[in-house]
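For reference, the structure is listed below as C-alpha cells.
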Amino acid sequence: MTDIVTLKAICDELTIDPREARERLRAAASNAKANPELAKARKPRTPWQWVKGSAAEKEARKVLSSPTETS
-4 MTDIVTLKAI CDELTIDPRE ARERLRAAAS NAKANPELAK ARKPRTPWQW VKGSAAEKEA
56 RKVLSSPTET S
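Mapped onto this note's numbering, the consecutive letters of the sequence shown carry residue numbers -4 to 66.
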C-alpha cells in the first residue's frame, strides 16, 4: 500500500497555518509552467494529499517552505 502525505501533516511539520498553505498551493498549482507536477496532481474539490516521495509532494513542500511575500 502506498503511503499518503496530507497537507495537514506537512503544515504540522513546517508549522504553517493550513488556510495559508491552501492559498499558496492553489496559486502555485495555477502556474503549470513553474510547478507542472503540482498542477497535474491537483483535482478540484479533493483533499490536498500526495503519494510519499512523489514529485508533486516535493513541489508542494518547496512551495510551502519558500518564504512568503508580504504586501
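The C-beta atom is built at its ideal place from N, Cα and C for all residues, glycine as well.
If residue i and residue j are in contact, beta carbons under 8 Å, what's the gap, nearest whole angstrom?
i, j, result
"Ala23", "Leu33", "6 Å"
"Glu52", "Val46", "7 Å"
"Arg17", "Leu2", "7 Å"
At a cut-off of 8 Å, is residue i close to the ligand GTP when judged by its beta-carbon and the heavy atoms of the ligand?
i, result
"Glu52", "Here there are no bound small molecules, and the ligand GTP is not part of this structure."
From the DSSP output, read off the bridge partner residues of residue i.
i, result
"Thr10", "Answer by DSSP bridge pairing: none, since Thr10 is not bridged."
"Trp45", "Val0"
Buried or exposed: which applies to residue i, given that a residue is buried once 16 or more other Cβ atoms fall within 10 Å of its Cβ?
i, result
"Asn30", "buried"
"Ile(-1)", "exposed"
"Ala4", "exposed"
"Gly48", "exposed"
"Ser66", "Annotation note: pLDDT 43 at Ser66 (below 50); position unreliable, coordinate value reported separately. Exposed, by the Cβ-count rule."
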